[in-house]
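A.B. asks: Sharing a structure with you now.
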Amino acid sequence: MRIRTRQVVAALVAGLMTIPLAACGGDEEAGTDRFTVGLLLPSRALPRWEHSDKPLVEKRVKELCPHCSVAYANAENDATRQSQQMVSMITKGVKVLIVDAADTRAVRSSIENARKAGVHVVAYDRLAEGPISGFVSFDGAQVGRLQGEALLKAMGDRADRRSVVMMNGDPISPNAAWYRSGALSVLTGKVRIGRSYDTPGWTSDNAHANMAAAIAALGPDRIGGVLAANDAVAAGAISALKSAGVSDLPPVTGQDADLDAVRRIVSGEQYMTVYKPFKTEADAAAAMAVALGRGGEPRDVATTTVDSPTTKGIPSVLLTPRAVTVGNIDRTLVRSGVYTVRQICTPQLRPACDRAGLTG
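According to this note's numbering, the sequence shown is numbered sequentially starting from 214.
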């Protein structure tokens, strides 16, 4: 993936709330538009897709285009199913598709068919191959760097004496490679990578099996940290460590700020996660889709360009992720409205929440 920055946006979160309105026309135009935006998400394995991204995209599309509608489908981690869903939506007359690809390569032919039918495609979260019109995601290399930096900090003086287990994401996702390269840019030369595994489907079960293999190969006492690509992978790794009788858990990273992961951070089982402000991502994708549906340019919303293996100069928005540890949960997640203290702090976690300064 090659990124070419067109401009520096100092206040991207605030800007996305105003730029889309200008890019997509005034109130009079919004009141007369009537078209459908298709939203296709890849799975239900990660809570964020159904609980965050879907309602946020739907809400922002309606705000920008009150008479527009959103058609939704979930691929359930099945690339063939997602291709069929795309065909169905195109047949029913959607004007724009927002697609988070279950398989970024397999979706290419479907995107080519969409283009032939005059339907624009905005790639969401993962950079799909084919003639996409725009791309909205987070800086994946920075995600990996945040994870690697946090792991080194947590390991402290153990970093050069114990091994790190790399629990990577799904090998068919280009984001997984993006995260891994970012993490390795920090870890290489500073720690020994004892084992490295891919996690098909990003599932906790596959992560559990891989972590169990790492424990058997290395021994639990030689594992100083776990670079887990996301929170589902972290959950599987932690489960395997506990099943092996490890009581003093090594630091484990994550990504997505899932509620269960935040609770694990409070309890001390998981060291950190990476929060990606989903609302900003959803807002940008909705703005780009509505602009395209009205015949506008995605470049009015984009802040950079990205090259995929098949397409050069794709207008893109790459947002900035944030590291979350027990010390900044309140500042990063509670004050921004992602979770309430009551949601995070179950009765069992109340003492730990008090120690973490989570009150209310």
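Every residue gets a Cβ at the ideal spot worked out from N, C-alpha and C, and that includes glycine.
How would you write the range of the alpha helix (DSSP H) that residue 421 sits in, first residue to last?
C.D. replies: What you label residue 421 is simply residue 208 of the sequence shown in a count that begins at 1. Run containing residue 421: 417-431, per the alpha helix (DSSP H) assignment.
A.B. asks: Are the CB atoms of residue 378 and residue 436 within a distance shorter than 8 Å?
C.D. replies: In the sequence shown, residue 436 corresponds to position 223, counting from 1. In the sequence shown, residue 378 corresponds to position 165, counting from 1. Contact flag set, yes.
A.B. asks: I think residue 310 touches residue 253, with their Cβ atoms under 8 Å apart; what is that distance to the nearest whole Å?
C.D. replies: Numbered from 1 along the sequence shown, position 97 holds the residue referred to as residue 310. Numbered from 1 along the sequence shown, position 40 holds the residue referred to as residue 253. Their Cβ separation, rounded to whole angstroms, is 7 Å, which keeps residue 310 and residue 253 in contact under 8 Å.
A.B. asks: Would you check if the distance between the CB atom of residue 465 and the CB atom of residue 439 is smaller than 8 Å?
C.D. replies: Here the question's residue 465 lines up with position 252 in the sequence shown. Here the question's residue 439 lines up with position 226 in the sequence shown. Contact: yes.
A.B. asks: Which residue from 260, 345, 249 puts its Cα closest to that of residue 510?
C.D. replies: As a working mapping, residue 510 is identified with position 297 in the sequence shown. If we check each option's Cα against that of residue 510, 345 comes out closest.
A.B. asks: Check for me: the beta strand (DSSP E) holding residue 286 runs from which residue to which?
C.D. replies: Locating residue 286 in the sequence shown gives position 73, where the first residue counts as 1. Start and end: 282-287.
A.B. asks: Using three-state DSSP, classify residue 520 as helix, strand or coil.
C.D. replies: One-based indexing of the sequence shown puts residue 520 at position 307. It is a strand residue.
A.B. asks: Run through DSSP, which three-state label would residue 653 get?
C.D. replies: Residue 653 lies beyond the stretch modelled for the chain, which goes from 214 to 573, so this question has no answer here.
A.B. asks: Could you tell me the distance, in whole angstroms, from the CA atom of residue 560 to the CA atom of residue 554?
C.D. replies: Along the sequence shown, one-based indexing puts residue 560 at 347. Along the sequence shown, one-based indexing puts residue 554 at 341. Between residue 560 and residue 554, the C-alpha separation is close to 11 Å.
A.B. asks: Cutting at 8 Å between CB atoms, please list the residues of its own chain near residue 283, excluding the five before and the five after it.
C.D. replies: Taking the first residue of the sequence shown as 1, we reach residue 283 at position 70. Excluding positions up to five away in sequence, the list reads 249, 250, 251, 252, 270, 271, 274, 275.
A.B. asks: The beta strand (DSSP E) that contains residue 491, what's its start and end?
C.D. replies: The residue given as residue 491 occupies position 278 in the sequence shown. Residue 491 -> not in any beta strand (DSSP E); alpha helix (DSSP H) instead, spanning 491-506.
A.B. asks: Quick check: the segment 522-532 against the segment 491-498, are there 3 or more CB pairs under 8 Å?
C.D. replies: The segment 522-532 is in contact with the segment 491-498.
A.B. asks: Ignoring anything shorter than 3 residues, give me the beta strand (DSSP E) runs that lie fully in the segment 304-328, in order along the chain.
C.D. replies: Listed in chain order, the complete beta strand (DSSP E) runs (minimum 3 residues) inside the segment 304-328 are 309-312.
A.B. asks: Taking one C-beta from the segment 310-319 and one from the segment 280-300 each time, how about it: are there three or more such pairs within less than 8 Å?
C.D. replies: Because the criterion of three Cβ pairs below 8 Å is met, the segment 310-319 and the segment 280-300 touch.
A.B. asks: As a quick exercise: from 260, 421, 330, 369, pick the residue whose alpha carbon is nearest that of residue 210.
C.D. replies: What the structure shows of the chain is the stretch from 214 to 573, and residue 210 is not part of that stretch, so it cannot be assessed.
A.B. asks: Between residue 415 and residue 353, is the Cβ-Cβ spacing less than 8 Å?
C.D. replies: In the sequence shown, the residue the question calls residue 415 occupies position 202. In the sequence shown, the residue the question calls residue 353 occupies position 140. Contact: no.
A.B. asks: Let me make sure I understand the geometry here. Which of 423, 443, 259 has the alpha-carbon closest to that of residue 536?
C.D. replies: Residue numbering aside, residue 536 sits at position 323 when the sequence shown is read from its first letter. When each option's Cα is compared against that of residue 536, the closest is 443.
A.B. asks: Which residues bound the alpha helix (DSSP H) around residue 557?
C.D. replies: Counting from 1 along the sequence shown, the entry for residue 557 is found at position 344. Start and end: 554-557.
A.B. asks: Excluding the 5 residues preceding and the 5 following residue 546 in the sequence, name in chain order all residues of the same chain whose CB lies nearer than 7 Å to its CB.
C.D. replies: As a position in the sequence shown, residue 546 is number 333, starting the count at 1. The residues are 470, 475, 488, 537, 552.
A.B. asks: Can you list, in chain order, the residues of its chain whose CB lies under 8 Å from that of residue 566, leaving out five sequence neighbours each side?
C.D. replies: Against the sequence shown, residue 566 aligns to sequence position 353. Counting only Cβ-Cβ distances below 8 Å, and skipping sequence neighbours, we find 479, 554, 557, 558, 572.
A.B. asks: Output needed for residue 423: all residues of its chain with C-beta closer than 7 Å, excluding positions within five of it in sequence on either side, in chain order.
C.D. replies: What you label residue 423 is simply residue 210 of the sequence shown in a count that begins at 1. Result list for residue 423: 380, 410, 412, in chain order.
A.B. asks: Go ahead and label residue 305 buried or exposed: buried means 16 or more other beta carbons lie within 10 angstroms of its beta carbon, across all protein chains shown.
C.D. replies: Sequence index remark: in the sequence shown, residue 305 carries index 92 (1-based). With fewer than 16 Cβ atoms within 10 Å of its Cβ, residue 305 is classed as exposed.
A.B. asks: Using only alpha-carbon positions, find the residue among 568, 324, 408 that is nearest to residue 542.
C.D. replies: Within the sequence shown, the letter at position 329 stands for residue 542. The shortest C-alpha separation from residue 542 is found at 568.
A.B. asks: What's the C-alpha gap between residue 326 and residue 490?
C.D. replies: Working through the sequence shown from its first residue, we reach residue 326 at position 113. Working through the sequence shown from its first residue, we reach residue 490 at position 277. Those two C-alpha atoms are separated by around 32 Å.
A.B. asks: Grab the span of the beta strand (DSSP E) containing residue 251 for me, first residue to last.
C.D. replies: By one-based count along the sequence shown, residue 251 stands at place 38. Note, residue 251: beta strand (DSSP E), 249-254.
A.B. asks: Under the three-state reduction of DSSP, which class applies to residue 408: helix, strand or coil?
C.D. replies: The sequence position of residue 408 within the sequence shown is 195, counting from 1. Reduced to three states, the DSSP call for residue 408 is strand.
A.B. asks: Where do the ends of the beta strand (DSSP E) carrying residue 397 lie?
C.D. replies: Looking up residue 397 in the sequence shown gives position 184. From DSSP, residue 397 is part of no beta strand (DSSP E) but of the alpha helix (DSSP H) over 387-400.
A.B. asks: With distance defined between alpha-carbon atoms, name the residue in 431, 342, 330, 300 nearest to residue 520.
C.D. replies: Looking up residue 520 in the sequence shown gives position 307. Residue 342 is the option with its Cα nearest to residue 520.
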